[in-house]
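Notes to accompany the following structure.
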Amino acid sequence: MNSKGESLHERLSAADWVLVGLFCVILAIILVAVFFRYVVNQSLFWSDEVVRYLFVWFTLLGAALVLRDRRHIRVEFFVEHIPHGVRRAVEFGGLLLILAFNVYLAVAGVVWVQQTAGTYTPALGLPLNWIFYAALPLTAVLCCWFAARRLLAGQYSELDVGQGEDLPE
138 MNSKGESLHE RLSAADWVLV GLFCVILAII LVAVFFRYVV NQSLFWSDEV VRYLFVWFTL
198 LGAALVLRDR RHIRVEFFVE HIPHGVRRAV EFGGLLLILA FNVYLAVAGV VWVQQTAGTY
258 TPALGLPLNW IFYAALPLTA VLCCWFAARR LLAGQYSELD VGQGEDLPE
């Protein structure tokens, strides 16, 4: 429970639960693969491939959720010593850069998905453009959404909204 009396279950969104689920699936596959390799002396031909692609989705979705919750890495020493007005301008500029970069990633990612049509994963033969490459444009669009919400709400720095506090719907 946190200070507001909410349980962990109440605080996690559907996207957070997707991350938890992905992590559990990745962990389970790794444990089963290790068991099969060292106890049964048989390798699971598909485990490395599935874990690799799930990890890409896990990482990119996690990056989007970190942006949503304002938990990204930054140098606190410099941020704390900047006056409020300058800090807001720096945070605004940072959000604009994040938005612009993710718009580029989304557009380039769609092109990449289209260009890789017809390629398949080596072990399972699944379409690589949807299993692997689609993670980039989809999570970039999610990052654009979170950055645009902050920009439109005028919440550029933690002085405007509490750390990790969600925007009103």
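Residue numbering for the sequence shown follows my numbering, starting at 138 and increasing by one per position. Beta carbons: idealized from backbone N, C-alpha and C, even for Gly. Owing to the predicted nature of the structure, the values given are computational and were not obtained by experimental measurement.
Return the bridge partner residues of residue i from the DSSP annotation.
| i | result |
| --- | --- |
| TYR257 | PRO264 |
Rounded to a whole number of angstroms, what is the C-alpha to C-alpha distance between residue i and residue j?
| i | j | result |
| --- | --- | --- |
| PHE160 | ILE219 | 38 Å |
| PRO274 | PHE195 | 14 Å |
| THR276 | PHE173 | 33 Å |
| LEU263 | GLN251 | 15 Å |
| MET138 | ASP206 | Because MET138 carries a pLDDT of 48, less than 50, the predicted location of this residue cannot be relied on, and no value is offered for it. |
| ARG208 | ALA237 | 20 Å |
| TRP154 | VAL176 | 32 Å |
| ALA113 | VAL193 | Residue 113 is absent from the structure shown; the chain starts at 138 and stops at 306. |
| ALA165 | SER150 | 23 Å |
| VAL223 | LEU198 | 30 Å |
Can you tell which of the options has its C-alpha closest to the C-alpha of residue i?
| i | options | result |
| --- | --- | --- |
| THR256 | ASN266, GLY230, ASP185, TRP249 | ASN266 |
| PHE269 | VAL247, VAL212, GLY231 | VAL247 |
| LEU310 | VAL250, TRP249, LEU232, LEU263 | Past the boundaries of the shown model lies residue 310; the chain is included only from 138 to 306, so the question cannot be answered. |
| ASP185 | SER150, ILE163, LEU242 | ILE163 |
| VAL278 | ASN239, GLN292, PRO259 | ASN239 |
| GLY158 | PHE215, VAL188, ARG208 | VAL188 |
| ALA191 | GLU228, ILE167, VAL223, LEU242 | A quick correction: the sequence has Leu, not Ala, at residue 191. Among GLU228, ILE167, VAL223, LEU242, the Cα nearest to that of LEU191 is on ILE167. |
| LEU293 | HIS221, ALA165, ILE210 | In the sequence on display, residue 293 carries Tyr and not Leu. For TYR293, the nearest C-alpha among the options comes from HIS221. |
| PHE229 | SER150, ALA165, ALA243, GLY291 | GLY291 |
| TRP183 | ILE210, PRO259, VAL223 | PRO259 |
Alpha helix (DSSP H) runs wholly inside the segment 166-208, at least 4 long, in chain order | For the alpha helix (DSSP H) assignment, the uninterrupted runs of no fewer than 4 residues enclosed by the segment 166-208 are, from N- to C-terminal side, 184-205.
Mind the definition here: the segment 278-289 touches the segment 188-206 only if three or more C-beta pairs lie below 8 Å; say whether that holds.
-> yes
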